[in-house]
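Asker:
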Amino acid sequence: MTGKTFVVVLCAAFPAGPVWAGPNGTPAPLRQLQDQLHVFEQRRSYEGPPLTLDAALDEALAKNPTLVALRRQFEAARLRPPQERFLMAPTFEAQIWQWPIGSVNPLDTNMYMFTAGQDIPGRGKRRARAAVLEKEAEVTESEIAVRARDVVDEVKRVYAALFLARTHIDIHLASVDLLRQFADISEAKYTTGRISQQDVLKAVVELSKLHDDLVMMDERARLAEAQLNTLLDRPPDAPIGPVGAPHERVILPASSALQRMALERQPELRNALLQRERAEATLSAARTEYKPDFFVGGGFMLMPRDRDSWTASVGITWPTAPWARGRLDARVAEATADIEAARARERAVESAIRLAVQDAYVRVQSAAQRAALLRTSIVPQSEQTLEVSRVAYQADRVDFLALIDNQRVLLDVQLAYYGAVSDLEQAIADLERAVGTQLESAMFADVGPQGEEQKERR
14 MTGKTFVVVL CAAFPAGPVW AGPNGTPAPL RQLQDQLHVF EQRRSYEGPP
64 LTLDAALDEA LAKNPTLVAL RRQFEAARLR PPQERFLMAP TFEAQIWQWP
114 IGSVNPLDTN MYMFTAGQDI PGRGKRRARA AVLEKEAEVT ESEIAVRARD
164 VVDEVKRVYA ALFLARTHID IHLASVDLLR QFADISEAKY TTGRISQQDV
214 LKAVVELSKL HDDLVMMDER ARLAEAQLNT LLDRPPDAPI GPVGAPHERV
264 ILPASSALQR MALERQPELR NALLQRERAE ATLSAARTEY KPDFFVGGGF
314 MLMPRDRDSW TASVGITWPT APWARGRLDA RVAEATADIE AARARERAVE
364 SAIRLAVQDA YVRVQSAAQR AALLRTSIVP QSEQTLEVSR VAYQADRVDF
414 LALIDNQRVL LDVQLAYYGA VSDLEQAIAD LERAVGTQLE SAMFADVGPQ
464 GEEQKERR
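Residue numbering for the sequence shown is 14 to 471, as defined by my numbering.
(1) On the criterion of 16 or more Cβ atoms from any shown chain inside 10 Å, does Thr180 qualify as buried, or is it exposed?
(2) So what does DSSP say about Val362, is it helix, strand or coil?
(3) Between which residues of its own chain and Ala107 is the CB-CB distance below 6 Å, once the five residues before and five after are set aside?
(4) Do Asn284 and Ser155 have their C-beta atoms within less than 8 Å of each other?
(5) Arg340 by DSSP, collapsed to three states: which one?
(6) Considering Phe457, what are the terminal residues of the beta strand (DSSP E) in which it resides?
(7) Name the DSSP beta bridge partners of Val263, please?
(8) When the distance is taken between beta carbons, is Pro94 closer than 8 Å to Glu147?
(9) Going by beta carbon distance, what residues of the same chain come within less than 7 Å of Ala369, once the five residues before and after it are set aside?
(10) Identify every residue that forms a DSSP beta bridge with Met124.
(11) For Met229, count neighbouring Cβ atoms within 10 angstroms of its own Cβ and tell me buried if that reaches 16, exposed if not.
(12) Could you name the residues of the same chain whose beta carbon sits closer than 6 Å to that of Asp226, not counting the 5 residues immediately before and after it, in chain order?
(13) In angstroms, rounded to a whole number, what distance separates the CA positions of Arg162 and Thr450?
(14) Can you name, in chain order, every residue of its own chain whose Cβ lies under 6 Å from the Cβ of Gly257, other than the five neighbours on each side?
(15) Can you check which of these residues, Phe195, Arg160, Asp71, is closest to Asp412 by C-alpha distance?
(16) Would you mind stating whether Leu424 and Ser188 have Cβ atoms separated by less than 8 Å?
(17) Under 8 Å, do Ile366 and Gln439 count as touching if we go by C-beta distance?
(18) From Ala89 to Gln96, what does the alpha carbon distance come to, in whole angstroms?
(19) Return the CA-CA distance between Asp306 and Val375, expressed in angstroms with no decimal places.
(20) How big is the Cα-Cα spacing for Arg84 and Gly254?
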């Protein structure tokens, strides 16, 4: 439906005169919209203490349920290697020999045998198995670091989304105040007969559109609050106080330097390296299975009708027997294939890291350029254009439609600016996720109002 159609509908719905106007002269639909928009103005004072990004990150790293679960898994994995350093439990056995078939009394036998035995793994087997489990624990520990970077990235993205949604609400409410001023001007001009009722109704239409946008922005803000609370292990409906505003900044290091840093610090690359080392340890453990295991035992024979005596036994396995060796060969081949797969996965992770760094780096530069262009050129020009059109409208040099169009342009460019700043913050979060560590503040140069304030302090 076009803007003209909206005007026709509203004209039909709200005829001129006392039926359309409120008791104090204010148009009834405009007064109703003002009452509804007042609800959003009350929400601008957010409950709860202020939540900075650093505080949110610290809380997420300490309380995020996924990270807590991974830490518990690591604690359990650390307890597995010592288990392989001990021998298996010994066996004890009691036997009755030469028990007559026709007797049910075990005392009628001629011999009682009591024995004990112990299995002894081949040399180096326990150490090799413990080495595999130690690598398993290291892999589990590296997964904590990988997931921690994911959590940090998610917190930063949701935090930026929450700030953007709340800022959009503030910008829309500022536009509401501006439109109220336009409506007052239109009402005064309508009272003196300088314009038609159509201009007053256009203000109602624009306020209705802003009301619709505010409902959508409020939904986004509440969803972002729920997501952030979940990452912080809070109830989804817990109140979140004012959040810090991101600021414009440009990144100083070159992409190649960041890629080198990523190859040194990226937890995913270390995780892939540890998985390869685990596969190599598994191969070493598989090769020890070619060594025989041993069994030693001893016992005592109690013979009521003869002389008591001792017994001793020694046993050894034959792993390379023709009918058994194939199983070990297949296990070694499997472990060798796992090593090749781990090496390929390591190369794939390295390539993915390089691409992720370059992708995020380009988006950081693009978002910074867009934000700078909007701040230095488009937003000031739009503000100036709107101010000129407002003065011209008061002097009857332009119509109300031109004034509304300029107000829409200003609203759009203001939203675009903060959207670009939010995109910049999210791109930086992705870049830090790709590099594998938080980038130091010295790697950025602040621009915009924050950068100018810092220059003045110097």
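Idealized CB from N, CA, C, for every residue including glycine.
Answerer: For this structure:
(1) Counting from 1 along the sequence shown, the entry for residue 180 is found at position 167. Under this definition Thr180 is a buried residue.
(2) The residue you call residue 362 lines up with position 349 of the sequence shown. Looking at Val362 - three-state DSSP - the assignment turns out to be helix.
(3) On the sequence shown, residue 107 is found 94 positions in, with the first residue counted as 1. For Ala107, where only same-chain residues beyond five positions count, the Cβ hits under 6 Å are Phe127.
(4) Here residue 284 refers to the residue found at position 271 when the sequence shown is read from its first residue. Here residue 155 refers to the residue found at position 142 when the sequence shown is read from its first residue. Going by C-beta atoms, Asn284 is nearer than 8 Å to Ser155.
(5) Taking the sequence shown and counting its residues from 1, the one referred to as residue 340 is at position 327. In this structure, Arg340 counts as helix in the three-state DSSP scheme.
(6) As a first step, residue 457 must be located in the sequence shown, where it is residue number 444. Note, Phe457: beta strand (DSSP E), 457-459.
(7) Taking the sequence shown and counting its residues from 1, the one referred to as residue 263 is at position 250. Bridge partners of Val263: Ala458.
(8) Here residue 147 corresponds to residue number 134 of the sequence shown, with the count starting at 1. Here residue 94 corresponds to residue number 81 of the sequence shown, with the count starting at 1. Contact flag set, yes.
(9) Walking along the sequence shown from the start, residue 369 turns up at place 356. These residues qualify, in order along the chain: Ala447.
(10) On the sequence shown, position 111 is the one that residue 124 refers to. Met124 is bridged to Trp110.
(11) To locate residue 229, count along the sequence shown from 1; it is residue 216. Result: exposed.
(12) On the sequence shown, position 213 is the one that residue 226 refers to. So the qualifying residues of the chain are His185.
(13) For the purposes of this step, residue 162 is taken as the residue at position 149 of the sequence shown. For the purposes of this step, residue 450 is taken as the residue at position 437 of the sequence shown. The straight-line gap from Cα to Cα measures roughly 8 Å.
(14) Start at 1 with the first residue of the sequence shown, and residue 257 comes out as number 244. Contacts found: Thr65, Leu66.
(15) Against the sequence shown, residue 412 aligns to sequence position 399. Answer by Cα proximity: Phe195.
(16) In the sequence shown, residue 424 corresponds to position 411, counting from 1. In the sequence shown, residue 188 corresponds to position 175, counting from 1. Yes, these two residues count as a Cβ contact at 8 Å.
(17) Numbered from its first residue, the sequence shown carries residue 366 at position 353. Numbered from its first residue, the sequence shown carries residue 439 at position 426. No, they are not a contact pair.
(18) Here residue 89 refers to the residue found at position 76 of the sequence shown. Here residue 96 refers to the residue found at position 83 of the sequence shown. Those two C-alpha atoms are separated by around 12 Å.
(19) Indexing the sequence shown from 1 puts residue 306 at position 293. Indexing the sequence shown from 1 puts residue 375 at position 362. Roughly 60 Å between the two C-alpha positions.
(20) Position 71 of the sequence shown, counted from the first residue, corresponds to residue 84. Position 241 of the sequence shown, counted from the first residue, corresponds to residue 254. So the two alpha carbons sit approximately 30 Å from each other.
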